[in-house]
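Enquirer: What follows is a structure written as structure tokens; I'll ask about it next.
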Amino acid sequence: MGLFSKWLRKLRFGVLTENEMQQSQVKSEEIPSGDNIPEHVAIIMDGNGRWAKARGLPRIAGHHNGMKAVKRITKAADGIGVKVLTLYAFSTENWKRPKAEVEFLMKLPQEFLSLELGELIENNVQVKMMGNRDLLPDHTVAAVEEAVRQTRHNTGLILNLALNYGSRLEMVEAAKQLARQAVAGELDPDKIEESDFEKWLLSCGLPDPDLLIRTSGELRLSNFMLWQLAYSEFWFTDVYWPEFSEEHLYDAIREYQRRARRYGGL
Ligand code: FPP
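Heads up, the sequence shown is in this note's numbering, so the first residue is 5 and it goes up one at a time.
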């Protein structure tokens, strides 16, 4: 368990020493607590390229620093009791980027997991992948599947990596499955319910996100979890993803805690 997670856990159980308090930059009153911590937080990690450009660095430097933010935010989310963290790491539309950038992005899950898998296992994190494996390079799929395999019995935070994920494709695939069931006479089209459709979504088994965060000032969903975000709370920030810190996550969650979720009711 990393120092930060240990510190957060100790704080929750009220056994933090003066010395340990000084080791952290985060003030105790800034850390969200209580019953209404969002169970599932989903993040559109945007702004890596602009972060790099602003520093005169190549875009890939932005992605590399984005990977460091993934580590930071995974630990922070785990520390406050989030159960599922879904990160949009590569969309079905991102293949349109220059080949060298795509190749770099495809190596990042591998690098991240080779550096962090030990600590993820120590922290009882379960790694999952949400996306279409078909176009992904073998080395990317192999690294993620190995992490999924090694963490499959873990019961802590679910770190759900959305890789080659696109919501419209996901829904079209789900529709095809229902159509096949109907043609085979296994399903009456008039009796199809939302739950029948959800069974075929890549997020099957996970709760819908309670909170969606998008960084970098863009205010759109970019084909991300269109079905699952129907009743999620949205939180946007101008901060670029490589700079997104624990404090930004806590700000988003505190704002979430102030919202009244009515699901169409009163
Ligand atoms: C969008 O920023 C970001 C991406 C398409 C890639 C996100 C990937 C990471 C943060 C690293 C993932 C790491 C792991 C471990 C899965 P952008 O490049 O579109 O930024 P811009 O809009 O400023 O150009």
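Note that beta-carbon positions come from the ideal geometry of N, C-alpha and C, so glycine has one too.
Small disclaimer: the values here were computed from a predicted structure and weren't measured.
Would residue 216 be called buried (16 or more neighbouring beta carbons within 10 Å of its own) or exposed?
Expert: Buried: at least 16 other Cβ atoms inside 10 Å.
Enquirer: I'd like the span of the alpha helix (DSSP H) that includes residue 143, first residue to last.
Expert: It spans 142 to 155 - the alpha helix (DSSP H) in which residue 143 sits, taken as one unbroken run.
Enquirer: Please list the segments of the alpha helix (DSSP H) lying wholly inside the segment 163 to 211, counting only runs of 4 or more residues, in order along the chain.
Expert: Entirely contained in the segment 163 to 211, the alpha helix (DSSP H) runs reaching 4 residues are, in chain order, 171 to 187 and 198 to 202.
Enquirer: Shorter than 7 Å, the distance from the beta carbon of residue 99 to the closest heavy atom of the ligand FPP, or not?
Expert: No, the beta carbon of residue 99 sits no closer than 7 Å to any heavy atom of the ligand FPP.
Enquirer: Collect the residues with a C-beta less than 5 Å away from any heavy atom of the ligand FPP and give them in sequence order along the chain.
Expert: Answer in sequence order: 49, 50, 51, 52, 53, 54, 70, 71, 74, 93, 112, 113 and 116.
Enquirer: Would you kindly report the start and end of the unbroken alpha helix (DSSP H) that includes residue 116?
Expert: 103 to 126 is the span of the alpha helix (DSSP H), which, as asked, contains residue 116.
Enquirer: For residue 86 and residue 165, what's the separation of their Cα atoms in angstroms?
Expert: Distance between the alpha carbons of residue 86 and residue 165: 15 Å.
Enquirer: Measuring straight from C-alpha to C-alpha, what distance separates residue 264 and residue 247?
Expert: One C-alpha to the other measures close to 29 Å.
Enquirer: Between 136, 131, 160 and 208, which lies nearest to residue 150 when the distance is taken from Cα to Cα?
Expert: Among 136, 131, 160 and 208, the Cα nearest to that of residue 150 belongs to 131.
Enquirer: Residue 236 to residue 213, Cα distance in whole Å?
Expert: Rounded to whole angstroms, residue 236 to residue 213 spans 6 Å at the Cα level.
Enquirer: DSSP puts residue 45 in a beta bridge; with which residues?
Expert: Answer is 89 and 215, bridged to residue 45.
Enquirer: Take residue 134 and list the residues in its own chain whose beta-carbon comes closer than 8 Å to its own, dropping the five residues that flank it on each side.
Expert: Contacts found: 90, 164, 165, 166, 167, 169, 206 and 207.
Enquirer: Hey, is the segment 219 to 227 in contact with the segment 34 to 50, meaning 3+ C-beta pairs nearer than 8 Å?
Expert: Counting Cβ pairs under 8 Å, three or more are found: they touch.
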